[in-house]
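Here the structure comes first, spelled out in structure tokens, and everything after it is commentary.
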Amino acid sequence: MKKIIVANFKMNPPSLKEANALFKAYDIKTKHTIILCPPFVYLRKGKYYALGAQNCFYKNSGAYTGEISPTMLKNLGCDYVILGHSERKESIEEIDLKVKACLENDLKVILCISELSQLKNVKDKSIIIAYEPISAIGTGKAYSLKDISRNYNSIKERLKENKILYGGSVTNKNAKDILDIVDGVLIGGASIHKQEFLNIIK
Ligand code: PGA
87 MKKIIVANFK MNPPSLKEAN ALFKAYDIKT KHTIILCPPF VYLRKGKYYA LGAQNCFYKN
147 SGAYTGEISP TMLKNLGCDY VILGHSERKE SIEEIDLKVK ACLENDLKVI LCISELSQLK
207 NVKDKSIIIA YEPISAIGTG KAYSLKDISR NYNSIKERLK ENKILYGGSV TNKNAKDILD
267 IVDGVLIGGA SIHKQEFLNI IK
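The following block contains the structure:
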């Protein structure tokens, strides 16, 4: 079945050359929707993958040093943006402003949540929810299939039409089983290991 596979490169790889090698390797036709989310400075459109950013500011222009706007991302060919990742430690208010601004500018939002209470402001059915338990991120200890399935079902009960992804230590060893029970996965560490990520998306 067609699933959504998001690669969150985080602040990797260190050089443009390495980033370009990943883009080249991952630009292949697969049955899934592949969304590559590199650091801003490497954003580059491909033929088969969709492009996403890892963050975005909530204004479109102005005196906001160091920020990147929804319009700028659209202009670079981004269709998606990850918002609210737990590593960014942002307030709910700030995340809400960003979600609103991105939706208004036609960017599809991948909203990271670690607790079900964070769903209360989700009103738009186009928002893709990435359920990422903090204890599972970057630890090599993914949630059990039973826990993933239970949380997936609780979210689906509230948000029947939204796509729901799981994130947290997804690897080529567990991806297939996880993909069987959710709408997609958000992959951090394993997304910058070429062969491993290719094994997952193929
Ligand atoms: P991980 O990261 O796959 O390295 O656990 C997931 C994430 O933080 O999005």
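Note that the sequence shown covers residues 87 to 288 in this note's numbering. Quick reminder that beta carbons are idealized off the backbone N, C-alpha and C, glycines included. None of the values given here were measured: they were computed from a predicted structure.
Beta-bridge partners of I214 (DSSP): I196.
I154 sits in coil when the DSSP states are folded into three classes, being neither helix nor strand.
Not one heavy atom of the ligand PGA falls within 7 angstroms of the beta-carbon of H118.
Annotated three-state conformation of A93 is strand, per DSSP. In the three-state reduction of the DSSP assignment, Y238 falls in the helix class. When the five nearest sequence neighbours on each side are left out, the beta carbons in the same chain lying within less than 7 angstroms of the beta carbon of D192 are those of K160, in order along the chain. With respect to the 8 angstroms criterion, I214 and I90 are classified as neighbours on the basis of their beta carbons. Exclusion of A93 from the 7 angstroms shell around the ligand PGA follows from its C-beta lying no nearer than that to any non-hydrogen atom of the ligand. If you look at C123, you'll find it in the beta strand (DSSP E) that goes 119-123. Residue pairing from DSSP places I273 in a beta bridge opposite A93.
L137 sits in a strand when the DSSP states are folded into three classes.
Using a C-beta cut-off of 8 angstroms, the region 235-248 makes no contact with the region 272-286, since fewer than three inter-stretch Cβ pairs fall below that distance.
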